[in-house]
Each structure stands twice: as structure tokens, then as C-alpha cells.
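Worksheet for the structure shown next.
2 protein chains.
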Amino acid sequence: MTESTALLTDRYELTMIDAAIRAGTHDRPSVFEAFGRSLPAGRRYGVVAGTGRLLELIADFRFGDAELEFLRQNRVVSDATLDWLAGYRFTGSITGYREGEVYFPNSPILVVESSFAEGVVLETLILSVLNYDSSVASAASRMVTAALGRPLAEMGSRRTGEHSAVAAARAAYIAGFGATSNLEAGRTWGVPTMGTAAHAFTMLFDSEEEAFRAQVDALGASTTLLVDTYDVPHGVETAVRVAGPELGAVRLDSGDLLTLVSSVRRQLDGLGNTATKITVTNDLDEYTIAALAATPVDSFGVGTSVVTGSGSPAAGMVYKLVARQGADGDWVSVAKKSPEKATHGGRKHPVRLLDASGTAVSETIYVGAAAPAVVRGRALHTTLVTDGVADPAHLGHRGVEAARERRATALRELPPEAFRLAAGEPAVPTVYAEV
Amino acid sequence: MTESTALLTDRYELTMIDAAIRAGTHDRPSVFEAFGRSLPAGRRYGVVAGTGRLLELIADFRFGDAELEFLRQNRVVSDATLDWLAGYRFTGSITGYREGEVYFPNSPILVVESSFAEGVVLETLILSVLNYDSSVASAASRMVTAALGRPLAEMGSRRTGEHSAVAAARAAYIAGFGATSNLEAGRTWGVPTMGTAAHAFTMLFDSEEEAFRAQVDALGASTTLLVDTYDVPHGVETAVRVAGPELGAVRLDSGDLLTLVSSVRRQLDGLGNTATKITVTNDLDEYTIAALAATPVDSFGVGTSVVTGSGSPAAGMVYKLVARQGADGDWVSVAKKSPEKATHGGRKHPVRLLDASGTAVSETIYVGAAAPAVVRGRALHTTLVTDGVADPAHLGHRGVEAARERRATALRELPPEAFRLAAGEPAVPTVYAEV
Numbered sequence: 130m131t132e133s134t135a136l137l138t139d140r141y142e143l144t145m146i147d148a149a150i151r152a153g154t155h156d157r158p159s160v161f162e163a164f165g166r167s168l169p170a171g172r173r174y175g176v177v178a179g180t181g182r183l184l185e186l187i188a189d190f191r192f193g194d195a196e197l198e199f200l201r202q203n204r205v206v207s208d209a210t211l212d213w214l215a216g217y218r219f220t221g222s223i224t225g226y227r228e229g230e231v232y233f234p235n236s237p238i239l240v241v242e243s244s245f246a247e248g249v250v251l252e253t254l255i256l257s258v259l260n261y262d263s264s265v266a267s268a269a270s271r272m273v274t275a276a277l278g279r280p281l282a283e284m285g286s287r288r289t290g291e292h293s294a295v296a297a298a299r300a301a302y303i304a305g306f307g308a309t310s311n312l313e314a315g316r317t318w319g320v321p322t323m324g325t326a327a328h329a330f331t332m333l334f335d336s337e338e339e340a341f342r343a344q345v346d347a348l349g350a351s352t353t354l355l356v357d358t359y360d361v362p363h364g365v366e367t368a369v370r371v372a373g374p375e376l377g378a379v380r381l382d383s384g385d386l387l388t389l390v391s392s393v394r395r396q397l398d399g400l401g402n403t404a405t406k407i408t409v410t411n412d413l414d415e416y417t418i419a420a421l422a423a424t425p426v427d428s429f430g431v432g433t434s435v436v437t438g439s440g441s442p443a444a445g446m447v448y449k450l451v452a453r454q455g456a457d458g459d460w461v462s463v464a465k466k467s468p469e470k471a472t473h474g475g476r477k478h479p480v481r482l483l484d485a486s487g488t489a490v491s492e493t494i495y496v497g498a499a500a501p502a503v504v505r506g507r508a509l510h511t512t513l514v515t516d517g518v519a520d521p522a523h524l525g526h527r528g529v530e531a532a533r534e535r536r537a538t539a540l541r542e543l544p545p546e547a548f549r550l551a552a553g554e555p556a557v558p559t560v561y562a563e564v
Numbered sequence: 130m131t132e133s134t135a136l137l138t139d140r141y142e143l144t145m146i147d148a149a150i151r152a153g154t155h156d157r158p159s160v161f162e163a164f165g166r167s168l169p170a171g172r173r174y175g176v177v178a179g180t181g182r183l184l185e186l187i188a189d190f191r192f193g194d195a196e197l198e199f200l201r202q203n204r205v206v207s208d209a210t211l212d213w214l215a216g217y218r219f220t221g222s223i224t225g226y227r228e229g230e231v232y233f234p235n236s237p238i239l240v241v242e243s244s245f246a247e248g249v250v251l252e253t254l255i256l257s258v259l260n261y262d263s264s265v266a267s268a269a270s271r272m273v274t275a276a277l278g279r280p281l282a283e284m285g286s287r288r289t290g291e292h293s294a295v296a297a298a299r300a301a302y303i304a305g306f307g308a309t310s311n312l313e314a315g316r317t318w319g320v321p322t323m324g325t326a327a328h329a330f331t332m333l334f335d336s337e338e339e340a341f342r343a344q345v346d347a348l349g350a351s352t353t354l355l356v357d358t359y360d361v362p363h364g365v366e367t368a369v370r371v372a373g374p375e376l377g378a379v380r381l382d383s384g385d386l387l388t389l390v391s392s393v394r395r396q397l398d399g400l401g402n403t404a405t406k407i408t409v410t411n412d413l414d415e416y417t418i419a420a421l422a423a424t425p426v427d428s429f430g431v432g433t434s435v436v437t438g439s440g441s442p443a444a445g446m447v448y449k450l451v452a453r454q455g456a457d458g459d460w461v462s463v464a465k466k467s468p469e470k471a472t473h474g475g476r477k478h479p480v481r482l483l484d485a486s487g488t489a490v491s492e493t494i495y496v497g498a499a500a501p502a503v504v505r506g507r508a509l510h511t512t513l514v515t516d517g518v519a520d521p522a523h524l525g526h527r528g529v530e531a532a533r534e535r536r537a538t539a540l541r542e543l544p545p546e547a548f549r550l551a552a553g554e555p556a557v558p559t560v561y562a563e564v
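Laid out in C-alpha cells, this is it:
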């Protein structure tokens, strides 16, 4: 049996359903929307991630005997509500941005149409997934552009919760990273995995040379040898002596990389290992990656900064009721009025407006009806779930690959300002349009 | 069947074992240590969390057919290593700080004694758990002291990965929070759960009054009503009118809380609801909690900042080989020499030295042998796992409660400087002592 995801939920989602069932309003047709009020400080764009993963988690959002027993024992909800939860499965529809799509402030990333109760109960899970995964993808995407085409590997599993690590590997790959250290991300999501050895391996042996020899024996000369356990020039010399001209790469995980990379390149070239690559892995983020652009580094391994969203570990998305039917069956747009948290009511139809050259000029959100046909742009919403059934194009390995392509395509539409690392305004403005 | 945790692992852990098996060194008795080189910027102390959770994950660290098949198909390791992995279970010993204990730079939080291969393969999982959970607990502990005895609830599930949310709720509870919104944390770890309703519930109804009435009907007058969906004074008036003098609390989730809390208190008192409490939940962290100390707020709900470690989402712990036997059976202390990452070799025996009044004066780490009996202090290491079997005192709900008590006890030993929120030095120095 697949593990239930139903208790990965805030208690208030269930007490709201309990009160609504008692009041007879739980079945009111409703529209919920997930969006971010702003991008993380100074970012020019965000990258949507988590959608495909979320759709699979929603399919497992069922209250089994064990979940119901916990709720009963803790008197979380009434018996009537327990009965309703026992029969729960999501039967509504979900529309939204494709995974990998770029987003801006107030982009309506996910729109859930269902009864109030069916939609509200998914709030916590939807936000957990979108907030974490999009935080990682948004940070990772900046690192990828900063690397100017050199490959990046995600190696941050140890710097985030053990299951978040899998999500982070997936999100970074969608954002353009080439591989991950995380094996579960390889199994579950088809992300290419990589990695050879840590300092502990070198120290297991009586000498660095013995360690290198053991590694080359097992993994071949094309492996990556970690050369900074003791002394880098000595490590490089030993690595080349042991592995020969076929040595795949050396890895540097400490020191002043700006100067070290160049000196190691010279040393490798001097030893005849002109094809041996240099990979660096020491507390990198988008800024240090950019700073290394002028060095002969060949690839990057990124840990903490990517799995923690490089300073913004949650994307700041919220999930709001934007419309519902009243007792009379008429739709009512609803909006919260509290000062800094006002929301825009009504069903949205977002379009990325493009100029004649195909460059994005605005994120235009048509409210209440779709954009007129004359508008030059790309409609951003697609159907993700119909009557409770997810479109398989978004699921599994296939969904991940599609998302990775989507991110690459969406980035090509962005104006050059989007790729500045310095803090600033979103690359295009978000505009509301009434049709 | 319990889900295997064995692929929540960096690929290089397995390739190192592969090379070590081939070289015949994988069985060398070894000592690994988990520690943080520093506390997150400016913190005065950290709180160890995740230990009990980790011990349960280690018990599930087994390579089943599905895991082995993935490794085989992807040629991660040789057939000999696959055979070794198939038989893997951790049979070594783990010593460490009790969960909930306070820690400082270089505190040897976890010591793993086993063969090289048995110990190295746990690196990623150990660090994922300790880094995330300790990050949350360390931040949460500061919020608890800033709240000056007023209760806090953890409500950040939506701001971190869906499984990290459960770990965060557990870690915050260990650090002194009183409850969580997260139902799975209630089920799995026995953390008290709480929550009543969100803005969406109010907007589901045709009026705020109808919503409040529905909530009181279902949850009783002692419930907490969210009063800031439209207009706070109007919301408070409606809440009191609907629920009467028994109204449990009102919740404020927006606005300038510094002034709002006082005006809502006056309004409640003026309406005769002197026993109705005020809870606030708007983007709080340790600093805003401290700033609200002078207001008549009764309790706090904290989201993003606690589940993301309030600016330090990973505690920065590392896991290093510190000693191993050589081919001759002699123990060798090993240490990495790279510039900013030097480690102290050898088996550690940490003691919190106390002055005559029982106040901590140093984190003294005896290297190579235990502290002399004359030392006034508290030995910090306890046995967590013996020959592969975890001490049940650290597991499940019982382990969580013990950790929560441990944190409270450990904090009472700290000098007053430890509770300053401003950035500064660790509350006590870490000192190495040779016996």
C-alpha cells in the first residue's frame, strides 16, 4: 500500500471542513488559487517546481483506517466529518502553470476547482510542495545561468531534510542542473546520479596514493579524484601518477578557488593531463559560481545554497479561496481585505505577453474571462487534473523531463535583465486586465 | 513493510564502499564524528535535534530488492558490493549528545563506531536529519525564550517540504514550543496539535457572522476566531456577539501587531471578554516575538521562520572520519589538512564544565580518554546504539518527551549571555583538553 499523505496537513483544514459540514456549506463549488505575492528578495523571476510530484501526492491523499483512528482518538473532528474523510478523494480539476515554467509576483500558479471541502483540505500539501520545490528551482536556475554552460551537480542532500533532499535534487535538475548525488532522486525521478569519494576515503588508507589507487582500481581512471585532503599540489601529482593521462577529473573542496583552480590547471597541463577536468564543490552559490567564470573550472558541485533556496528557503506562495458559489448558486468572487495581504478575487487567465521578437514584456492576468484572441502571447495555464484524474504527461520521469525542457524554453523568452544576479525588480511586470 | 531509507544517500557513499571492498579496507574499525564547525551566524548556542528520529531511520536503512535492482541497473557498484549491501544492517555503536542537549562549535554530537563501510554509508542520512532538525530546534529555542513564557505553536508546515514539516514540528516541540498545526507530527511523534480556521473559511460564508456562528456551532465557544479577514474591530465585535463571554481567543494574522494587539485587548475588555485571549500569527520570528513582549498578546503562532531555521536552514554539521585501525590493527587518528576545514582527530569525551553555582563555563572536549574524576561538570555523551540496537529510551513519543525535558534542563545551566538575541560569541568557549 502506498503511504497516505493525508496527515501531512494542518489541523485547521479538517476543523474548517467539520464546521462547514455542520453548516451545510462544505459542498459549495469553489476556486482556490496558489500564487506568490512577491518573488524572493531581489529575484528577477521564479521557476515553478513540484507540480508533478504534487499530483502524485494528491492521488495518495486518502484517509485510511490508521489516519481516521488518530483523528477520532484526538477528537479532531466529528463523526460525520470522519465519515466524509473516509470517502475522500479529490474529484475536482486543477489547472496551472506547467512545471518548469517561469513565474512572477501574483502569477496564478495553480488553480483548484472543486467543492470547498475537497479543495481546502489540500492547502497544506500543495503549499509545502510548491514552496519548497520552487524555492530550490528558482535558486538553481540562477546558478545555471551563472555557470555559463558549465555543468552543475546538486550535492546538498545532507543540508536539508532527508525527503526534501530528493525533492531538491529533482527541482535542481528541472532548473538545469545536470545531475545529483542523491540516489533516491535517481530511482524515483530519473535524475542522473554522480559522485565518487569523500575525504574519509582518502583517510581510510595509509597514504593518499593507496587511496587513489584503490579508487582507480574500482572506478577506472576516468574517475574524479579528490585532491585536497592533505596538500593540493602533492595530491594532483599523485592523482596523475596513479591514474595516468586518462584521469577524468580532480575535485577541489576547499581553499581559495579563484587562485587554486588556475594553478591546478597549470599543474595538470604541465603533467600532460590536458584533458583532465577540474570540478569545484566548496560552499558555492550563484555569486561564487559567477566569480569563478573567468577561471578554467570545468564543472560545479553545489550543496547547501541550492537545497536551501540560496537565502530564500520558502518561495512564499499562498493558497487562497478566490471564488465560490453562494446558497443561490451564483458565483461570488471573494477577497481578503486585511491591509498587506489583499488578494485579487475571481478566476484568472494568465498570458505571457511577447513582443514581435518573442521576448516577454508582461505577465498579464485576465480576470473573469480568457484573453482576447488578438493578444500576442502565450497562455500559461494548462489542465493538470480533470475530475480527479491527473494528466500522465506531468507525472514520473516523463514529467520531470518535460519540466526541464519547459524551463529552458521559458528562459529563452525572458529579457536580458532577467539574468542579472543583482537584486532588482521582476524581469517583467505583472498586469491585471479585465476583458 | 517499512519503507527503506537506504537510497536517501549520496552516491559516493556507495562508490567509496565499492573501492574499499576491492582494496580490502572496508572492514577497518573506524570512528566517525558529527559536529558543527561553528554555530549559525551570531547564535549563542545550538540545540541538538533529530537524534531519536535518526535512530529509527537507521533501523530502516536496508537494501531490499528494489534498491539493489536500481543500483545494479545503473552500475553504481560492483556485484561484490551489491552482495555486501544486500546483507547490510548497522551493527556498530553510536554514542552522542542526548537529543535536546545544547551544543557549541565542535561539540562531538554523534560518534559512530563501526567498520568503515558500515559507518560511512550512514553519512548522508545522519547529516540530513541532524542538520535540518537542529536548525529548527536552535531557532525555535530562541523564540521560546523571547516569548517570556507565553506559549508558541509551530504552524509552518506549508513553508517547508511536506516531510520536513513533520520533523520541524517535532524539533520545535523539543525546543519548547507547545503545539503544532501538523497532524502527522501528532500521530508519529505525539506532538499536541492545534488549529481552528483560516480566512478561506470566513469567505466561504455570505458574512463573517455566519462563518463565526458555524465555527462556534462545531468547535464550541472556546474556539479561536480569526478576526482580520475584513475589518478587525468589526470582526472582534462580531466574534464576541456570536461566541459570548466564553470566546476562547481571537487570532490576528495581519496588520501592525504592536498597536493592534493593545487595541484589540481594550476592545475585548470593553465588551466584557476579559478572559478571551489574543493570539498572533503574522510572519513572526524571534525578533518580532521579543518586540511584542510589551503588548498584551497571549500566544504566538510561528510559521516560516521556525521551519527554515530563522535564516540558517541547515545547522552546518559535518561527519568526519576521526580514527581508524590500520592494517596492523593499531588505531590511527586521522585529520583532514585542507586550509579552513581542519578537523581534530581522535575519540572525544565532551564535558560541560560547571562553576560552583552550576552554570556552564566551557564545553571541554577531552581527546583520547575520559575526563578525570575531579572535573566538575556533566559528561555529555550517552550510549544511543549498542551493537546495532538502539536504546528505546530515545525512540518514539517517549524519546521526544525526554528530549523536550533535556533541552529545558540544559538551558537552565547556561549563563545569561546565552539568551541574548543579538549576534555574538557562543555562550561558552569550546576547549580541547588532553588528559
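So the sequences go chain by chain: A and B.
Here the first sequence stands for residues 130 to 564, numbered as in this note's numbering.
Here the second sequence stands for residues 130 to 564, numbered as in this note's numbering.
Glycine included, each C-beta is placed from N, C-alpha and C at the ideal position.
**Request:** Could you tell me which of A:F219, A:Y226, A:I238, A:G225 sits nearest to A:F245, measuring between CA atoms?
**Result:** A:F219
**Request:** Could you spell out where the beta strand (DSSP E) holding A:G324 opens and where it closes?
**Result:** Note, A:G324: premise wrong, no beta strand (DSSP E); not H, not E.
**Message:** Do A:H523 and A:L513 count as a contact pair if the criterion is CB distance below 7 Å?
**Reply:** yes
**Prompt:** Just checking my contact of B:V431 with B:L421 at CB under 8 Å: how many whole Å lie between their CB atoms?
**Reply:** Actually they are not in contact, since the Cβ atoms of B:V431 and B:L421 sit about 12 Å apart, beyond 8 Å.
**Request:** Go ahead and label B:D382 buried or exposed: buried means 16 or more other beta carbons lie within 10 angstroms of its beta carbon, across all protein chains shown.
**Result:** buried
**Item:** Length of the line joining the Cα atoms of B:P234 and B:T437
**Value:** 20 Å
**Item:** Contact set for B:S439: own chain, Cβ-Cβ below 8 Å, skip 5 residues either direction
**Value:** A268, R271, M272, D414, E415
**Asked** Any chance the stretch 137-155 of chain A sits against the stretch 335-352 of chain B, with 3 or more Cβ pairs inside 8 Å?
**Response** yes
**Message:** Does the CB of B:N235 have a neighbour CB from chain A at under 7 Å?
**Reply:** no
**Message:** For B:R173, which residues in the same chain have their Cβ closer than 7 Å to its Cβ, ignoring the five residues on either side in sequence?
**Reply:** E546, A547, R549, G553, P555, A556
**Of the listed residues A:A531, A:L281, A:V369, nearest to A:E337 (C-alpha basis)** = A:V369
**Request:** Under 9 Å between beta-carbons, which chain B residues line up against A:L477? List them in chain order, please.
**Result:** For the record, residue 477 of chain A in the displayed sequence is Lys; it is not Leu. Those within 9 Å of A:K477 in chain B number zero; the least Cβ separation is about 17 Å.
**Request:** Use the C-beta contact count for A:G578: other C-beta atoms within 10 angstroms, 16 or more gives buried, fewer gives exposed.
**Result:** Here chain A has residues from 130 to 564 only, and residue 578 of chain A is not among them.
**Message:** Is the beta carbon of A:G506 closer than 7 Å to that of A:R481?
**Reply:** yes
**Prompt:** In chain B, which residues lie less than 7 Å from A:V258 when you measure between Cβ atoms?
**Reply:** E291
**Message:** With a threshold of 7 Å on Cβ separation, who are the neighbours of A:V371 within its own chain once the five nearest residues in sequence on each side are excluded?
**Reply:** E338, F341, R342, V345
**Prompt:** Looking at A:A562 and A:T493, is the spacing between their C-beta atoms short of 7 Å?
**Reply:** yes
**Prompt:** In whole angstroms, what separates the C-alpha of B:N411 from that of B:A266?
**Reply:** 20 Å
**Prompt:** Which residues, in chain order, does the stretch 219-251 of chain B contribute to contact with chain A at a C-beta distance below 8 Å?
**Reply:** F245, V249
**Request:** Measure the alpha-carbon distance for A:L376 versus A:R394 and round it to whole angstroms.
**Result:** 13 Å
**Request:** With 9 Å as the limit, tell me which residues of the stretch 327-350 of chain B have their beta carbon closer than that to any beta carbon of chain A; keep them in chain order.
**Result:** A327, H328, A329, F330, T331, M332, L333, F334, D335, E339, A340, R342, A343, Q344, V345, D346, A347, L348
**Asked** Where DSSP assigns a beta bridge to A:Y70, which residues make up the other side?
**Response** As shown, chain A starts at 130 and ends at 564. That puts residue 70 of chain A outside it, with no answer to give.
**Request:** Would you verify that the beta carbon of A:G364 is, or is not, closer than 7 Å to some beta carbon of chain B?
**Result:** no
**Message:** So A:A188 contacts chain B; which residues on that side make the cut at Cβ distance below 8 Å?
**Reply:** Those within 8 Å of A:A188 in chain B number zero; the least Cβ separation is about 14 Å.
**Prompt:** A:E142 by DSSP, collapsed to three states: which one?
**Reply:** helix
**Prompt:** In chain B, which residues lie with their C-beta within 8 Å of the C-beta of A:R157?
**Reply:** L333
**Item:** Minimum Cβ-Cβ distance from B:Y141 to chain A less than 7 Å
**Value:** yes
**Message:** Once DSSP output is grouped into helix, strand and coil, what is the label at A:M130?
**Reply:** Because A:M130 sits at a pLDDT of 44, beneath the cut-off of 50, its placement in the model cannot be relied upon, and the following sentence gives the value as read from the coordinates. Here A:M130 sits in coil by DSSP.
**Request:** Compare the Cα-Cα distances from A:T515 to each of A:Y232, A:A170, A:V240, A:L211 and report the closest residue.
**Result:** A:V240
**Asked** Is it buried or exposed for B:A170, if we count other Cβ within 10 angstroms and need 16 for buried?
**Response** exposed
**Under 8 Å from the C-beta of B:Y217: neighbouring residues of chain A** = Those within 8 Å of B:Y217 in chain A number zero; the least Cβ separation is about 14 Å.
**Request:** Give a yes or no on contact between the stretch 273-289 of chain B and the stretch 303-322 of chain B, applying the rule of three or more CB pairs nearer than 8 Å.
**Result:** yes
**Neighbourhood of A:V295 by C-beta distance below 7 Å, restricted to the same chain and skipping five residues each side** = N311, E313, A314, T317
**Item:** Spatial neighbours of B:V490 in its chain, beta-carbon cut-off 7 Å, leaving aside the 5 residues before and after
**Value:** L482, L483, D484, V557
**Contact with chain A by B:G319, beta-carbon distance below 7 Å** = no
**Request:** Using a Cβ cut-off of 7 Å (strictly closer), state whether B:P442 contacts chain A.
**Result:** yes
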